[in-house]
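As given, the protein sequences belong to chains A and B, one line each in that order. In the numbering used here, each residue's number is its place in the first sequence (first place is 1) plus 35. In the numbering used here, each residue's number is its place in the second sequence (first place is 1) plus 384. Using N, Cα and C, we set each Cβ at its ideal position, and we do this for glycine too. Just so it is clear, the structure is predicted and the values come from calculations on it, not from any experiment.
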Amino acid sequence: MPLLALSSIHKRYGSNLVLNDVSLDVETGEVVAVIGRSGSGKTTLLRCINGLETVDEGSIVFDGKPLPPGGSELRELRRHIGIVFQSLNLFPHHSVERNITLGPTTTNKLPLLEARKIALDVLREVDLEDKLHAYPSQLSGGQQQRVAIARALAMRPRLMLFDEITSALDPELVGEVVKVLERLATSGMTMVLVTHEMGFARRTADTLVFMHHGRVWEKGPPRELFAAPKTPELESFVRAVLEPND
Amino acid sequence: MKYVFQFGIVWDHLPQLLAGAWLTIRLSLGAFALGFVIAMLLAFLRTAGPRPFRAGIGAYVEFIRNTPFLVQLFIIYFSLPAIGIRFEATTAALLGMSLNFSGYATEIVRSGIEAVPRSQIEAGYSLGFTRLQIFRHIIVFPALRTVYPALASQFVLLMLGSSIVAAISAEELTAITNTLQSTTFRAFEFYFVATGLYLLMAVGARLLLHAIYWAVFERARPGEWGWSR
């Protein structure tokens with residue numbers, strides 16, 4: 036049974052069909068990279084998975100249970116699904132440590148001491164244990180995204196979602212974040228990433244999903260898709276991202 | 385000019401004036417505390433509460449902000465007794481000031497809440513937080529930091545506006561001054577000194593508020609923190 040099963044999802048904003056019959060299974064431990072032009076529905080898809088957006092038709096099943104529409108059941112489910120956004124959104128008035136312990140103590144009801152141990156653990160995973168007492172404004176964008184990853188990991192999620200988390204960063208900061216993602220993938224974390232880092236997608240993803248006009252246009256192992264796109268849309272997209280100056 | 389200034393008589397009545405000023409301070413602080421708690425509650429419900437609440441709170445805020453404070457005070461002190469609700473003058477003054485302040489403060493706090501980026505709130509939802517937990521852990525502090533200057537100004541306005549409660553003879557600084565000048569016929573001297581006392585209190589309040597801002601928002605949580613959207 037897949038950990039996450041999306042079947043035939045439709046999502047409209049007014050008359051605009053943003054997601055058109057999207058189906059996707061994600062197995063435990065699988066790393067799925069979602070690529071596509073802006074406006075192709077990638078981010079919306081990701082936001083539907085943890086209930087930040089509702090779907091108009093279709094079903095989302097996580098761990099055998101359909102995604103609840105809201106309330107305490109949805110909150111319960113969100114404990115198991117971590118998400119890191121494109122925008123830097125650590126809580127600016129909390130230290131790095133508090134940013135990380137807030138979720139475990141508030142939602143998972145852990146004692147503060149235990150949450151602090153977890154904070155240190157997850158900060159080690161992103162190589163930032165020395166920033167425990169820093170404030171977000173004292174960190175670079177890359178460090179902030181790594182703390183955001185640590186904050187999500189502290190909930191001990193079973194699925195991690197990443198929404199273009201390197202897109203807002205200066206180019207020289209992308210590498211350190213990608214390194215953390217690769218390590219996470221190697222550790223066996225189930226991940227769905229919306230990304231523009233094609234090199235990363237090719238190296239790390241088990242499955243590549245190319246979205247176009249709200250549809251899953253092509254899907255398969257990244258090497259195959261990059262080497263031999265079946266559709267002209269993916270072919271032109273691959274050409275555009277690999278040789279951006281053409 | 386024939387008028388001979390006699391400040392000596394003011395000096396003789398200084399204890400009464402200071403007692404009045406003390407009541408002004410207590411009323412202002414009390415109304416601030418009470419009004420602020422009401423405002424936080426209303427601002428939360430206005431932004432995150434059920435729809436009927438939002439409309440009701442909007443109506444309350446507009447009522448407070450679009451009717452004279454003096455009339456609001458008269459309603460509490462003179463109208464409510466007609467339906468059996470009676471307050472002493474000081475209590476009525478405190479209540480009126482609190483409600484009046486809460487109306488303005490609700491709008492101020494709400495603007496601070498709405499300045500918190502949506503992405504911060506979504507980060508809270510994604511951690512499995514309830515609306516109240518998001519408000520408490522994510523919204524309150526940055527929102528108050530944003531609107532602190534506006535709130536501080538509103539506090540000074542509250543303190544100065546408290547002179548209006550003299551109209552229902554709550555024995556604060558203005559009421560005491562009114563009484564003293566009318567019994568001594570030394571209007572210039574008494575109002576002059578009362579003005580000085582108000583000025584001192586207002587400037588003192590501003591300095592104190594500034595120190596509080598520094599201690600709460602700058603010393604405790606360092607760094608520039610603009611929002612990234």
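*In or out: P267/A buried (at least 16 other Cβ within 10 Å) or exposed?*
Residue environment for P267/A: exposed (fewer than 16 other C-beta atoms within 10 angstroms of its C-beta).
*Let me know if N51/A comes out buried or exposed under the rule of 16 or more other beta-carbons within 10 Å of its beta-carbon.*
Around the CB of N51/A, fewer than 16 other CB atoms lie within 10 Å, so the residue is classed as exposed.
*Please list the segments of the alpha helix (DSSP H) lying wholly inside the segment 157-245 of chain A, counting only runs of 4 or more residues, in order along the chain.*
If we require 4 residues or more, the alpha helix (DSSP H) runs fully inside the segment 157-245 of chain A come out as 176-188, 206-221 and 233-239.
*Quick one, which of S222/A, F261/A, D56/A and I70/A has its alpha-carbon nearest D47/A's?*
The displayed chain sequence assigns Arg, not Asp, to residue 47/A. Of the candidates S222/A, F261/A, D56/A and I70/A, the one whose C-alpha sits nearest the C-alpha of R47/A is D56/A.
*Rank G404/B, Q390/B and V394/B by C-alpha distance to the C-alpha of E556/B and give the top, closest one.*
Nearest of G404/B, Q390/B and V394/B to E556/B, Cα basis: G404/B.
_Taking CB distances under 8 angstroms as the criterion, tell me whether T431/B reaches chain A._
With 8 angstroms as the cut-off, T431/B does not count as an interface residue toward chain A.
*Indicate whether A187/A and M195/A have their beta-carbon atoms separated by less than 8 angstroms.*
When the beta-carbon positions are compared, A187/A and M195/A come within less than 8 angstroms of each other.
*Can you tell which of Q121/A, E111/A and V67/A has its C-alpha closest to the C-alpha of K144/A?*
Nearest Cα to K144/A within the set Q121/A, E111/A and V67/A: E111/A.
_With the cut-off set at 8 angstroms, would you say S482/B and L418/B are in Cβ contact?_
Yes. Within cutoff.
*Return the chain-ordered list of same chain residues with a C-beta closer than 6 angstroms to the C-beta of T242/A, the five sequence neighbours on each side being excluded.*
Taken in chain order, the residues that qualify are V67.
*Look at the alpha carbon of F420/B and the alpha carbon of L535/B, and state the distance between them as a whole number of angstroms.*
Straight-line spacing of the CA atoms in F420/B and L535/B works out to 9 angstroms.
*asked:* Let's test the definition: count the other Cβ atoms within 10 Å of the Cβ of V388/B and tell me whether it reaches 16, buried, or not, exposed.
replied: The residue in question, V388/B, is exposed, as its Cβ has fewer than 16 Cβ neighbours within 10 Å.
*Determine whether the Cβ of L511/B lies closer than 8 angstroms to any Cβ atom of chain A.*
So yes, L511/B belongs to the interface.
*Which whole-angstrom value is the C-beta distance of M543/B and A589/B, which I expect to be below 8 angstroms?*
Separation of the CB atoms of M543/B and A589/B is rounded to 6 angstroms, and the pair is thereby assigned contact status at 8 angstroms.
*Establish whether the CB of P127/A and some CB of chain B are separated by less than 8 angstroms.*
Taking 8 angstroms as the threshold, the shortest C-beta distance from P127/A to chain B falls below it.
*With 9 angstroms as the limit, tell me which residues of the segment 72-101 of chain A have their beta carbon closer than that to any beta carbon of chain B; keep them in chain order.*
For the segment 72-101 of chain A, the set of residues with a beta-carbon nearer than 9 angstroms to any beta-carbon of chain B comprises R82, N85, G86 and L87, in chain order.
*Can you name, in chain order, every residue of its own chain whose Cβ lies under 6 angstroms from the Cβ of I522/B, other than the five neighbours on each side?*
Hits under 6 angstroms: Q504 and G508.
*What three-state label does DSSP hand P436/B in the structure shown?*
P436/B: helix per DSSP, three-state reduction.
*Could you check what DSSP says for H129/A in three-state terms: helix, strand or coil?*
Correct three-state label for H129/A: coil.
_Alpha-carbon spacing of L407/B relative to V455/B, whole angstroms_ = Taking the CA atoms as reference points, L407/B sits about 21 angstroms from V455/B.
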